[in-house]
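In the order they appear, the protein sequences are chains A and B.
When we follow numbering that gives the first Met the number 0, the leftmost residue of the first sequence carries the number 0, and every step to the right adds one.
When we follow numbering that gives the first Met the number 0, the leftmost residue of the second sequence carries the number 0, and every step to the right adds one.
Protein chains: 2
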Amino acid sequence: MDDELENGNLGPYADRPRTFPNMRSKAYNPLVRTLNIFRILMGINFRVLLILLFLGLGVVFYIGARTSPIIVFVFSVCIMSFLLSIYLTKWVLSKDEGPPEMVQISDAIRDGAEGFFRTQYGTISKMALLLALVILFIYLFRNLTPQQESSGLRRSTSAFITVAAFLLGALCSGIAGYVGMWVSVRANVRVSSAARRSAREALQIAVRAGGFSALVVVGMAVIGIAILYATFYVWLGVDSQGSMKVTDLPLLLVGYGFGASFVALFAQLGGGIYTKAADVGADLVGKVEQGIPEDDPRNPAVIADLVGDNVGDCAARGADLFESIAAEIISAMILGGTMARHCKIEDPSGFILFPLVIHSFDLVISSVGIFSIRGKPDSSLKSPIEDPMAILQKGYSLTIVLSVLTFGLSTRWLLYTERAPSAWFNFALCGLVGIITAYAFVWITKYYTDYKHEPVRTLALASTTGHGTNIIAGVSLGLESTALPVLVISLSIVSAFWLGHTSGLVDKDGNPTGGLFGTAVATMGMLSTAAYILTMDMFGPIADNAGGIVEMSQQPESVREITDVLDAVGNTTKATTKGFAIGSAALASFLLFSAYMDEVAAFAQEPFKQVDIAIPEVFVGGLLGSMLIFLFSAWACSAVGRTAQEVVNEVRRQFIERPGIMDYKEKPDYGRCVAIVASASLREMIKPGALAIVSPIAVGFLFRILGYYTGHLLLGAKVVAAMLMFATVSGILMALFLNTAGGAWDNAKKYIETGALGGKGSECHKAAVTGDTVGDPFKDTAGPSLHVLIKMLATITLVMAPIFL
Amino acid sequence: MDDELENGNLGPYADRPRTFPNMRSKAYNPLVRTLNIFRILMGINFRVLLILLFLGLGVVFYIGARTSPIIVFVFSVCIMSFLLSIYLTKWVLSKDEGPPEMVQISDAIRDGAEGFFRTQYGTISKMALLLALVILFIYLFRNLTPQQESSGLRRSTSAFITVAAFLLGALCSGIAGYVGMWVSVRANVRVSSAARRSAREALQIAVRAGGFSALVVVGMAVIGIAILYATFYVWLGVDSQGSMKVTDLPLLLVGYGFGASFVALFAQLGGGIYTKAADVGADLVGKVEQGIPEDDPRNPAVIADLVGDNVGDCAARGADLFESIAAEIISAMILGGTMARHCKIEDPSGFILFPLVIHSFDLVISSVGIFSIRGKPDSSLKSPIEDPMAILQKGYSLTIVLSVLTFGLSTRWLLYTERAPSAWFNFALCGLVGIITAYAFVWITKYYTDYKHEPVRTLALASTTGHGTNIIAGVSLGLESTALPVLVISLSIVSAFWLGHTSGLVDKDGNPTGGLFGTAVATMGMLSTAAYILTMDMFGPIADNAGGIVEMSQQPESVREITDVLDAVGNTTKATTKGFAIGSAALASFLLFSAYMDEVAAFAQEPFKQVDIAIPEVFVGGLLGSMLIFLFSAWACSAVGRTAQEVVNEVRRQFIERPGIMDYKEKPDYGRCVAIVASASLREMIKPGALAIVSPIAVGFLFRILGYYTGHLLLGAKVVAAMLMFATVSGILMALFLNTAGGAWDNAKKYIETGALGGKGSECHKAAVTGDTVGDPFKDTAGPSLHVLIKMLATITLVMAPIFL
């Protein structure tokens, strides 16, 4: 403590009174000297790498060619998009990093982010390995399904396949997170630097950096599943005499989805707690108590706050979207396979591989969208800053139009069958339903969170009567905002189901069977622009960080203005992405639920078509499922609250012990705040994460035993099914509530900061800041974690199904 | 405006600087000159009344005697308890009303409460009449069940019965509300006056006043159902050749439950909005902005706040508990009848009338509990104030012990059957499960809302870091507090079901059938001390009001101390009653749900035993059900927020326009605040109320049409079943969350006010006040309305079932 104080008292800090020269904190050094794989890969040994890469590619294409031409197409598109993403990085990295004070700040952020990432993923990987052992153990002692047995699959093979898929999913999910953070900690300073020149250029850099990680994340999800699929296909000799049918193959991939969602859950929890604890803590003392602006260099928690944007928003969202896409692809593949089997379609591979193709096209059309955002304005520059939202929206519209075209094309290519010649058209309409649903979700979220519309203005008005009415109004707004999305989702489930149902596909008894697959196609439609959506999402935290760097390095007001506009747009895109994510999660959970019932039926060797909530135990399962959502949200929020209190106490301590900070005479100890937040969020992520993983297993296992003693067949599986279903419904509503309330509070504050209702510094603004603080853990910790939780519950029950039987 | 100012400037107000002599407001006079039925009934024409009463009693007993000796027993107990309640009123009214300044305040409160009650129930009764017409119309054009047809029941009779039951239920519910309010506006001033003498006497008056309305409410629910049952029995010639079976009779009573819950919903909504809008509005300007204490006579909204306690807590809670008990008795009677029919029990009346007997005993043992609280301390007075909670708790323990005894007795008396000689013992155990559940609920609520325990202390600690962390911590606490009650409910549903299942009762195929009835008996066990619980609940607002009167009439500190202690105890008992209410609602909803399925099966003439949530439309029904809860809560909270803002603006206006108020030189215009709150809450209660009533009907009807066109049988009924089930689960969780969070915030503030963490006036206290403000609409508007909503959904679907088929 003493020599820190001495450091702080050194002369130089007093010389340049508006900033501190060295933001890099010594205290954090032990953590940050990290082996940077990516740098090694990109720097040295380029030739060896190239040879290895070509060899690998050759093997992959060989296996792909032996599986299906569709797989070869998917591989090609993915590899092209990887090449494109390498071009995007090169382009972003070639931009200048600005003056040294910016670089120093950026370095401090990068050190903090990479240090936390390394520790966090160290913890996560240990837990993943432990879980892999558990899965291995379960699968070695369980029975196989009759189909699997008849195809000569052995227990050990099945166990190995599931564990390998789980670990690969976990690894890819980790890489997806890392990529998101890797580019954002490099792009932020380049955006700040570009903001000194032109708003348009800054926008372009942020979009391209976001585009890089979006292409990598989506491409990796697609190619990972495609490689697994092709490998299993060739290895198990699928479709040859006496071995497995191709329609049963997708069920072997569920481990991948579970691995992905397992890592994403902890990434989102840890990152979410980190970012919001730092943010809330910094704001409570900085903005509210000391009255200094956001991202002011005098605030000891400011670097932790900026680090949080990267580990919370970039890394976690990368992992989240990765697992969303992976889970949805796998569940749609399972449903496609099941339907193809029931309808005895001659070549089922089109139905099974359809999701992979849709996402390959997603990569193509999103790239077009990303590149449509140019560095120079189209006409002569009239106003200094164009509306960046309009530019992004234009790109989105282009992507949407292209997606309608490619979706129609794909359905005609892959879903055409002699048995029902017009079925593909019905499925194309299902896709359209999905695309419209996505658009409606984006619009509804905008309506409830943008201050151009009524709800946020009413919320801002409620702040004039104090903190209390602001919170009441925000909570009501959030609760109310669940209604329209639920109506949209309900409409799209029912209509997609009926479009599929009437597609003309029938099983051997003549019953229509396409309904569920129709819902799957609608989900695919919704996700058909995922890469562009993810680009817009990643754009937000990069712009936010750039703004922070600009503020901390005390750039002129005009530069700050540019990054402020970008930041505000980023807030809106972040909110809309969440709406989009929860909408697709709602649709996907319904698919995963069906896949679970198929899986149970296959293992139990009896039909499992109903979940009857009139049975008391099943009703209890539902109660427990909904309760899980409430408890999980509680723990996620209180984790932020507790960690934020630690930050507040530390920041208060520094302000008291180092009175010179406020006059720029002493340097705050940024490193200590970073270290406190990092260790606290690692500690706090365990409890909610463990709850999510342990409770469905425990409930299923307990009721299995109860069912055994009371002679109730399949009781465990039924109770888990109800738990899953109720948790999904409650989770969707709770996530919508948390996300929208948080977003609305944030923007109500921003609206008041534009000068409305008294503007900055008024009592009304103070009340709005309280709302914003409350909204932070809602919208960035608990809400997004619930998206992941919903899908993780579905995948964990799929993988763990054998122990409920 | 001008002459108001002139009035305010009159001399006398300046003479006695600490209070205002005339609290009765002229502005409100037109509303308050109300025809007071009760006064007329109790005052003049006593002999005529007596003769009429005896005549009525004679008829009732004659009908009862023709039905069953059990009915005669029920009648006798109810009438005795009515006599007892008349004694209690006389006793309470015989107490002195204290000095004139107290009487004046009390009169102003009474005028406000009765005026609002009259307008509110005017609106409600118009809506009830409209709904009665709709029901009549539906029942005139629907088919009867085969059993009903074979028993010679005609459509017009069935329609008349349902409508008559509905209207009687609505009327009794209204009277229950009125009785609660009637006594509380009279007892409050007597408690204040007694508090000048002794804490113990004040406590006794409050308890006996609460006991009066509790006995009336419970007694009326029981006798109302008993009279309906006996009348229908005699009128329809039940059990005679060729007419209706007694086991089908309870299904005719559902209208009564629906009428009760319909009125209770609007009573709770209107009253809840009134009380909390006034409270929040008064606190926001008074406490937070002007820094004057709670219930200070200078606050223009103070009379509205005190009126709110009566119309919100007393009247609404009376109606709420009335409908709880009515709905639960009816559903248990239906289940008892169904089971008796399946098991071909020789004399089914024991099983059907069991709930009525349990509640008759409830009246007896609760009276013992109420009278066990004596006016004088047992030993010599050592401390000036004993812990009133301990006294109430002692009474509760006595009641609980007695209830275990009477419950065992009743099961042996009524549920003994030759077919399964040990069944009664299993059912007695079910009752014990229920009693333990009630006790556990009370304990859990206390743990989460009492500041003697960890959670509230943590919440108070979170207030030290500001408004934001206080809210985050409160929300997490509320969300977390749902876990234990859900586990308890789950355990009791499963164990009561299994106790019933293994009771030895079997249907004609030898399948065990007692499971559901076991759950019903557990619910009865939980409610077997309802009258005592209601007494403790009513005690709260009376004490609160007494405190307000003491404060406003500027009594010495020692008197205020006594009412403060009573008020704090009232807060705890209020919170625990809510836990108890939601627990019993959870159990009861499961019964009502089964009754609904029986009803649909009877009408559709085919088995309806499953609600399969794997069907997309049924899943959508579930989604819509959960959404209904969120939207309803949103609208209930925002209604309070909006009305509170009106109050805040009015109070601010008065403080600005009448600067003399703060120095007691000008009198505030209480009447205007009362009028504003009254008209706003009547306006605001319509939207959420209409949502609750219209949405299940609309959803059921829409999906019935969809089912008709797609050939899906019973689709409407299935979707409504899922909607009901999901709404119940989400409703339980949401209500637990809202109630507990609100209670905890309230007590965290109280804890700080004891001097902890800086005490009154500190920054920490301000943050805690914000939390308390937010918690107000949570715990007293949205939360309790959800209890009613859950049961109203169940009864509305029961009554409206014909239009979903």
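Built from N, CA and C at the ideal position, the CB exists for glycine as well.
Residue span of the alpha helix (DSSP H) that contains residue i, given as start and end
i, result
"TYR415 of chain A", "First-last for TYR415 of chain A: undefined, no H or E at that position."
"MET684 of chain B", "669 to 709"
"MET180 of chain A", "154 to 194"
"MET724 of chain A", "714 to 752"
"PHE136 of chain A", "99 to 139"
"THR575 of chain B", "556 to 603"
"HIS500 of chain A", "482 to 500"
For residue i, the residue or residues it bridges with in DSSP
i, result
"PRO511 of chain A", "A:VAL505"
"ASP611 of chain B", "A:ASP611"
Residue i versus the options, residue with shortest Cα-Cα distance
i, options, result
"ASP662 of chain B", "B:GLY741, B:SER348 and B:ASP295", "B:ASP295"
"LEU268 of chain A", "A:ASP238, A:GLN146 and A:ALA318", "A:ALA318"
"ALA720 of chain A", "A:THR780, A:SER625 and A:VAL301", "A:SER625"
"ALA674 of chain B", "B:ALA635, B:MET219, B:ALA459 and B:ILE108", "B:ILE108"
"GLU148 of chain A", "A:ARG117, A:ALA208, A:GLY173 and A:ASP247", "A:ASP247"
"ARG69 of chain B", "B:SER396, B:ILE226 and B:MET537", "The residue you asked about is not Arg; residue 69 of chain B is Ile in the sequence shown. Nearest of B:SER396, B:ILE226 and B:MET537 to ILE69 of chain B, Cα basis: B:ILE226."
"ILE789 of chain B", "B:SER260, B:SER93 and B:GLY151", "B:SER260"
"LEU714 of chain A", "A:GLY218, A:LEU804, A:MET126 and A:LEU623", "A:LEU804"
"ARG641 of chain A", "A:GLY336, A:MET219 and A:MET684", "A:MET684"
"GLY467 of chain A", "B:PHE725, B:ALA643, B:ALA131 and B:ILE302", "B:ALA643"
"VAL441 of chain B", "B:PRO484, B:SER409 and B:THR410", "B:PRO484"
Chain A contact for residue i (CB, 8 Å cutoff)
i, result
"LEU630 of chain B", "yes"
"CYS636 of chain B", "yes"
"ILE470 of chain B", "yes"
"ILE492 of chain B", "yes"
"SER729 of chain B", "yes"
"PRO667 of chain B", "no"
"PHE370 of chain B", "no"
Any chain B beta carbon closer than 8 Å to residue i
i, result
"GLU479 of chain A", "yes"
"THR33 of chain A", "Any reading at THR33 of chain A must be qualified, since the residue scores a pLDDT of 42, below 50, and its modelled position is unreliable; no value is offered."
"GLN146 of chain A", "no"
"PRO11 of chain A", "Low confidence applies to PRO11 of chain A: its pLDDT is 39, below 50, so where it sits in the model is not reliable, and the reading given next is rough at best. No, PRO11 of chain A does not count as interfacial toward chain B."
"PHE60 of chain A", "no"
"THR780 of chain A", "no"
Between the segment 587 to 616 of chain A and chain B, which residues of the former have a C-beta closer than 8 Å to a C-beta of the latter?
PHE589, PHE592, SER593, MET596, LYS608, GLN609, VAL610, ASP611, ILE612, ALA613, PRO615 and GLU616
Looking at chain A, which residues of the segment 753 to 767 of chain B have a Cβ within less than 7 Å of any of its Cβ atoms?
none
With 7 Å as the C-beta to C-beta threshold (strictly closer), list the residues of the segment 441 to 457 of chain B near chain A in chain order.
none
At a CB distance below 7 Å, what residues from the segment 394 to 408 of chain B approach chain A? Give them in sequence order.
none
By the 7 Å beta-carbon criterion, what residues does the segment 276 to 299 of chain B contribute toward chain A?
VAL279, LEU283 and VAL287
Taking any Cβ of chain A, which residues in the segment 514 to 526 of chain B have a Cβ under 9 Å from it, in chain order?
GLY514, LEU515 and THR518
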